[in-house]
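S.K.: This is the structure, below, for whatever I ask next.
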Amino acid sequence: MVENIDDLDDFLVDNQSIILQSIAEDLRACLPLEAMAPSETMAVQKTSQKSLPTVHVDAFLYDEETVDSLCEVGKMSRNYCLDCASHRTAPLEFISHSFSILELQFLFQTVLPDLTGKQVIDVGSRLGAVLYGGYLYSAAAQLVGIEISSEFVKLQTMTVEKYGFSDRIQVIHADIRSQAALVQNADVLIMNNVFEYFMEPSDQMQAWQFISHNFRKKGALLVTVPSIQEAHAVLQENVSLEMLPLCQWIEEVPLDYTVYIKNDTDADSLKQIHLYRVL
């Protein structure tokens, strides 16, 4: 029995999480274990070229408990062998191009303000995790996913229709650089590991320049993983890029990551989330 408002809030949050977990189960059945589309050859190649052995584990599809279960049955591993046929092992590096359910809760319940009447755009919406999280955890008027992969657009469209989210969610099959009017009108822009693994350096530079030129609505909010400074530092290793004048365009909004730390929360993953405000 729900006895007070706090209990009701906990029940609603749990119910929302259950819906997201149901969506994740649906999508896991449609994707290989690595959750990469056949067209994502560049992302696969770049992941394999990391200095430490790295695998893609989609955080929306596979939470820590699910990863542990897969490791127990030998379908996934957290470690790699330092010497073939040896017991010497080291932890694998995991990378995700999606937010986990806990990260989505943190994003919409703590990082972002009340989104009533606002338009949210997810750049490279992939499986649609941000869209579903925004639908369930916020009152955003419209959530728009821009996705260049036709395979992922189909999966998102299927999910939106199945769960009845089409009144507030729209998925567009396009390169973000073709969506100037949409970006100019956005109140919130979300970018999670969106360019580095999926574009050549010259295209990444053009994409960042497009964002800086078009996302100019005063007070609009930009969420990035990793920070803009880190993303540009990686890019500068490959091309000669003059750092965008961040102080003239946006300012970083300090976040208190400790307010959302729970027993099952990966604090380091939350600290990868950065919030900026357009000046």
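For the sequence shown, position 115 (counting from the first letter as 1) is numbered 115 according to UniProt numbering, and the numbering increases by one without interruption.
Don't be surprised by glycine CBs; every beta carbon is placed ideally from N, CA and C.
(1) Helix, strand or coil: how does DSSP classify residue 155 here?
(2) Short check: CB of residue 120 to CB of residue 133, under 7 Å?
(3) From the DSSP output, in three-state form, read off residue 176 for me.
(4) So, does the stretch 140-150 touch the stretch 16-31, judging by three or more C-beta pairs under 8 Å?
(5) Does DSSP put residue 133 in a helix, in a strand, or in coil?
(6) Drop a sphere of 10 angstroms on the beta-carbon of residue 24, count the other beta-carbons inside from all chains shown, and report buried for 16 or more, exposed for fewer.
(7) Where does residue 97 land, buried or exposed, given buried means 16+ other C-beta within 10 angstroms?
(8) Beta carbon of residue 270, beta carbon of residue 165: below 7 Å?
(9) Among 153, 159, 215, which one has its Cα closest to the Cα of residue 180?
(10) Can you tell me whether residue 232 is helix, strand or coil according to DSSP?
(11) Suppose you measure from the CA of residue 213 to the CA of residue 62; what does that come to, to the nearest Å?
(12) Given this structure, state the Cα-to-Cα distance separating residue 154 from residue 205, to the nearest angstrom.
(13) Just to confirm the assignment, what range does the alpha helix (DSSP H) spanning residue 205 have?
(14) Under the three-state reduction of DSSP, which class applies to residue 277: helix, strand or coil?
(15) Please report the straight-line C-alpha distance between residue 136 and residue 101, rounded to a whole angstrom.
(16) Sorted by chain position, which residues of the same chain lie with C-beta nearer than 6 Å to residue 129's C-beta, five sequence neighbours on each side aside?
(17) Verify the contact flag: residue 162, CB atom, against every heavy atom of the ligand ZN, threshold strictly below 6 Å.
(18) Hey, out of 235, 251, 225, whose CA is closest to residue 268's CA?
M.R.: The answer reads as follows:
(1) helix
(2) no
(3) helix
(4) no
(5) helix
(6) buried
(7) buried
(8) no
(9) 215
(10) helix
(11) 36 Å
(12) 28 Å
(13) 201-214
(14) strand
(15) 11 Å
(16) 60, 98, 99
(17) With respect to small molecules bound, the structure shown includes none, and the ligand ZN cannot be examined in it.
(18) 225
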